[in-house]
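Chains as they are written, first to last, in my numbering: chain A, 14 to 723; chain B, 14 to 723.
Note that the Cβ used here is the ideal one computed from N, Cα and C, for glycine as well.
The model shown is predicted, which means the values in this text are computed figures rather than measured ones.
So the structure is just underneath, and the comments pick up after that.
There are 2 protein chains.
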Amino acid sequence: MKKTFLVLLLFPILLLSQELKSPNGDFSMLFELKDGKPTYQLNLKGNPIIKPSTLGFELVDMPSLLSDFEIKNTSTSTFDETWEPLWGEQAKIRNHYNELLVELSQKSSDRLLHIRFRLFDDGLGFRYEFPQQPNLTYFVIKEEKSQFALTGDHKTFWIPGDYDTQEYNYTTSKLSEIAGLMEDAITPNASQTPFSKNGIQTALMLKTDNGTYINIHEAALIEYACMHLEVNPDTFVLESHLTPDVQGNKGYMQVPRATPWRTVIASKNAGDILLSSITLNLNEPTTYEDTSWIKPVKYIGVWWEMITGKSSWSYTDVPSVQLGKTDFSKSTPNGTHAANNEKVKRYIDFAAEHGFSQVLVEGWNEGWEDYWFGKSKDFVFDFLTPYPDFDVTMLRDYAKSKGVQLMMHHETSGSVRNYERFMDKAYQFMVDNNYNSVKSGYVGNIIPRGETHYGQWMVNHYLYAVEKAAEYKIMVNAHEAVRPTGLSRTYPNLIGNESARGTEYEAFGGNTPDHTTILPFTRLIGGPMDYTPGIFVMDMSKLNPGNKSWVNSTIARQLALYVTMYSPLQMAADLPEHYEQHLDAFQFIKDVAIDWDTSLVLEAEPGDYVTYARKEKGGNNWFVGRSNDEEPRTSKIDFSFLDKGKTYIAIVYSDASNAHYRNNPQAYNIKKYRVTSKSKLTQACAPGGGYAISIMEPKDKNETKGLKRL
Amino acid sequence: MKKTFLVLLLFPILLLSQELKSPNGDFSMLFELKDGKPTYQLNLKGNPIIKPSTLGFELVDMPSLLSDFEIKNTSTSTFDETWEPLWGEQAKIRNHYNELLVELSQKSSDRLLHIRFRLFDDGLGFRYEFPQQPNLTYFVIKEEKSQFALTGDHKTFWIPGDYDTQEYNYTTSKLSEIAGLMEDAITPNASQTPFSKNGIQTALMLKTDNGTYINIHEAALIEYACMHLEVNPDTFVLESHLTPDVQGNKGYMQVPRATPWRTVIASKNAGDILLSSITLNLNEPTTYEDTSWIKPVKYIGVWWEMITGKSSWSYTDVPSVQLGKTDFSKSTPNGTHAANNEKVKRYIDFAAEHGFSQVLVEGWNEGWEDYWFGKSKDFVFDFLTPYPDFDVTMLRDYAKSKGVQLMMHHETSGSVRNYERFMDKAYQFMVDNNYNSVKSGYVGNIIPRGETHYGQWMVNHYLYAVEKAAEYKIMVNAHEAVRPTGLSRTYPNLIGNESARGTEYEAFGGNTPDHTTILPFTRLIGGPMDYTPGIFVMDMSKLNPGNKSWVNSTIARQLALYVTMYSPLQMAADLPEHYEQHLDAFQFIKDVAIDWDTSLVLEAEPGDYVTYARKEKGGNNWFVGRSNDEEPRTSKIDFSFLDKGKTYIAIVYSDASNAHYRNNPQAYNIKKYRVTSKSKLTQACAPGGGYAISIMEPKDKNETKGLKRL
């Protein structure tokens, strides 16, 4: 008896909690079973970021996985590896964390639930894992119940939770004010399914009263429904709200499975949020063997004139198209079809002249005449058949002769079975015709009817399209898809998404002037955005008298976006003739790199301004960009990031002193300077303005002669 | 004024009705606008079959198309053509009808609705057409409102209306009794969605008190939802009830479009219903250029032993399979996997020995271990990866060396996106491995979740699978699919469906002994059924002690089914060893043809008995078969269908005098006779019994020596 008693004392009698610290010790995470419920809390330098928050699941037709747990085992480990992304904001990324794996067993049901925590120097990631086990094989999630118990009524930069769209302007408010502002926030969209007056999307950006920045998102969203957050406006507890399918089920699961990672990034420094690599680090390395065909792309496109209403996607004006039955060769051209041979050649010439590698062409294919969205049309496009005035072969060869490629466009109209039926043929068509990148779209409600853009079903489809594209060495830029969650580490041919309110909305009523001072803190946390900036003419009625919209930006800020809105895919979105009117400003777009060795944040305040400095990959040039909100502000930066002892030529493209996004958007200055690492710049930014700077090594000493020194 | 008045009189002042007669004048159909509502009525030899019945549609978010019509135009025409089906019950089919096209316009909405009627000598077909028109392009059907106003409380042979299955035993009752019997009629199924206590399926068989047989079905179900019928038990009016999608919508339509045909076949002679070619005639001729690869198939299969529970589809016993992750080469075989190399070779040998051209093998491919249905598993099969004990190449070559082919099996488990993703590769795999026919299955609820087996979505899929199969020269036999509607005229590689309660249910609890005396009047009206008969051992506990089921049939009736259940695809479904115990009876299965020059009905009473005589295509042999219900009956037939002046050898396989489907099913007699066109036969049939007769020209005079004359 005595011996047994001694042995028992040597073991922890009841393991109820476990602490985890980040490598540098700043963060500490405490996992704790409270009354059998799994909880976690997160502190930064002793200050709570996340108060004790519960974890778990409600299941369909099964007891929940919320309580009655005991800890079977815990284990900790450390990981520290530096890896090189194929493309990105940094040439090298350090993946350094301490990990805690908690193995739980639910006593009454004998079911196992593991939770894995990874604590980085800038934040936390955690996910659930369902190991192979005797008492759980298939189950259906009714709701994931992951809480994020915030410490107060934080300032929040949010868009309405919605199963079908993220194309909303951001609202900035306290958490408690969200419900009262929700109705106004829900502006019209071709497909939208808001679900709650307290429901919001991720990545969610917050700022506490004491100046701590917090960001909540998810990483590695694979075979699972997209996570939204439901806000409790009294307790400031946020809870996960997954996207349901038509039957209200939120996930079809089969063990062994892991969920996506839930991430909490936090810092006193807003720039740390922007530069965090947590999302990418929580995704798996790629298994693609050959990635030589994946390259960042700078492109122009036959697109903006249709978006503005100046031209049409459609070729003719039949009221009802049936592919394979409607004979377009017999129809009367409407005279406004932009994707025609002459215009595309014009764009190819412009691209070749100015160093753009690809030309997107929308409206090249049959089917745009009638309700290509809005009427639940199943067989809407075939992705193969061009209009009579778009000569695929001639344009392919013409582009090739100019050293340019066309960029494919696959508008699916949300008719996803139809897209999958054609996908192999459509991709092969691309290969046969020298296309290696496709912009895909999912405008309108999803078919199969009842599914939404962000449910498990569609999450599965988006990845299917990317994986299949890789078989054909095709890069994918998916618009209206679920917002990214770092998947491009594993699938580097996913080079872009829109999945937020982009530049097109400037032509659909305008974006808020501070929109691009928020997007890097929200939409870009998960991955790059094909924001398609570079608009030089802001008055939409100049392109289409019937369009009263305004691009709420100055030209200088449009240039800055090539630096502040990171993307390996960058479009100069305006019409060539508009660029030809401002070739001096256009020069920045031509010069700016699209792949980076180093990225820094010089200034950042979500909703107010962001200023980045980035060094191009494989070269010595730097580029700086600042996006400014609706307030006139002064930016103060230094150039200490430059190599010491070197002299560079900096060209500063800035707002003219009287510039204003609405009243005088086209007023800009271009000034050339001689700069070194000791230089400083104080630059006024107009409302809705900003500046862009290219910093290049001079080709010879003469180039710097006569230049003012910064 | 006078002149105008005269002119007006020359034209019908208001066209309100139009009569149509069948070519032989027996049928007359009257179309009439009553209070602006389109109606039709049908008489046979002056007696009403269908009383005035309304037509039209309820639409979603649009005014209905039910009333307020005027007739814009009517036109009549005649059609008379004889065509030759690639395979079928007759070598030549006459398509002879008088047609009336009524062009309606709805006054308030200026929308056009055309109704086309075709009146044959054995019944009526009508369909709606929506021509290209300015005020209707896209619309969504809320409900089709086609009525069939019957003249009384007819005797009805029905199964429950259900969006997901037809695998019910038939109930015979009056129309008014249906609701009271519905609950008992709805027996369990892997996927079922009954919708109304008065809802029933088509093809619907009826018999009036004065002995008129009536059959209601549809033809050419393409891009539309399957039609059920809702019975009004007080008025005996049946109304169309389409299968809804998950949102309750019943059809997504884009003009110009036609609906399927609704058919009413009627006769005083039950055999006329069985032999009607209306369904096929209302389908379009095929546009397939090369059909040489389409041939009827007589096959055996590694299948019945799994259905009975004697063996398993699965290879091992893991609780949870993830394709591509579960390594079957490392798992322990469960010892009951039937689709293994040795057994398949045994079946190939048996097929070669006995003249069967194909061997179906189910359970050849990875994925059967866990919930291949019932848990909404998306990526459930890949249709490509065999189990470790199924050597695709070896068995392909072994079969080829024996002059036999394997028949592919694609169980989709209702996971239809998954099937479509693999379909091209799966069909190519078949081509590469010498398979030219596939049995496909849709067991379980459909994924996309919310869709059902009979909605427009799945109707589209089934045809997609058939059309794509034709690209690979593959024949399709789709189980659990929507019941056929004559599509095999247009798509002759659709050689079979199950789509009703087949022989497998004998092992799942048994079919009613009269089941096969009803199926020809219902399920077979739309096309052949892969009924898979030929069971010789009726006591399922002999194969699997745990299975208490009984095949409710005598052996003689099992033989008869090869004649009474027309199909170009016929399986000898039992185990080879059971046939080897009764090679004398098995001889009929070997001899019976599977493609026909002429088919006749000698005796028929739905629910009681059917007797067919058929002449093989390309030969002089005849085959007769009788299926008998649970009553002992005496069949009296003559052989006047034989060529006059010829002598044949008839082998009659009949029930022994004390045979009984339950008490003594294996008791049969085989008697050989000499017969001519003057012969007659009086033959006792046991309960659940019947007989089969092969009638062949003797090879030489000696063969008839000593044979008794009939």
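Quick one: what's residue i bridged to in DSSP?
i	result
A/S253	A/L242
B/S66	B/Y53
B/Q583	B/K311
B/Q418	B/Q371
A/S707	A/F636, A/I664
B/R502	Note: B/R502 sits in no beta bridge, so no partner.
A/K685	A/I664
A/H127	A/E116, A/E142
B/A697	B/T647
According to DSSP, is residue i part of a helix, a strand, or is it coil?
i	result
A/W317	helix
B/S30	strand
A/P173	strand
A/T349	coil
B/N677	strand
A/G193	helix
A/N86	strand
A/D166	coil
B/W96	strand
B/D610	strand
A/A626	strand
B/S41	strand
B/Y469	For the record, residue 469 of chain B in the displayed sequence is Gln; it is not Tyr. Reduced to three states, the DSSP call for B/Q469 is helix.
A/F534	helix
B/K712	coil
A/E231	strand
Classify residue i as buried or exposed, calling it buried when 16 or more other Cβ atoms lie within 10 Å of its own Cβ.
i	result
B/M551	buried
B/N597	For the record, residue 597 of chain B in the displayed sequence is Asp; it is not Asn. Under this definition B/D597 is an exposed residue.
A/D445	exposed
B/F152	buried
A/K555	exposed
A/P497	buried
A/L29	exposed
A/D340	exposed
A/I317	In the sequence as displayed, the identity of residue 317 of chain A is Trp instead of Ile. Buried, by the Cβ-count rule.
Interface residues of chain A around residue i at Cβ under 7 Å?
i	result
B/K739	Only positions 14 to 723 of chain B appear in this structure, which leaves residue 739 of chain B out of reach.
B/Y384	Y151
B/S121	Those do not exist, as B/S121 stays about 21 Å from chain A at its closest Cβ, beyond 7 Å.
Judging by CA-CA distance, which residue of the options is the nearest neighbour of residue i?
i	options	result
B/N671	B/A663, B/I662, B/N682	B/N682
B/L287	B/S667, B/A699, B/V623, B/A669	B/V623
A/N557	A/I128, A/K50, A/K155, A/S324	A/S324
B/I662	B/L582, B/E297, B/R675, B/R722	B/R722
A/L613	A/A283, A/P257, A/E464	A/A283
B/E112	B/P201, B/V605, B/I128	B/I128
A/G59	A/K47, A/D39, A/E45	A/D39
B/V115	B/N56, B/F44, B/M553	B/F44
A/S566	A/Y666, A/K712, A/D437, A/Y674	A/Y674
B/K691	B/F652, B/G701, B/K712	B/F652
Give me the chain A residues within the contact set of residue i, using Cβ-Cβ distance strictly less than 8 Å, ordered along the chain.
i	result
B/D437	D437
So which residues on chain B does residue i lean against when the C-beta distance must stay under 7 Å?
i	result
A/G776	Residue 776 of chain A lies beyond the residue range present for chain A, which begins at 14 and ends at 723; the question has no answer from this structure.
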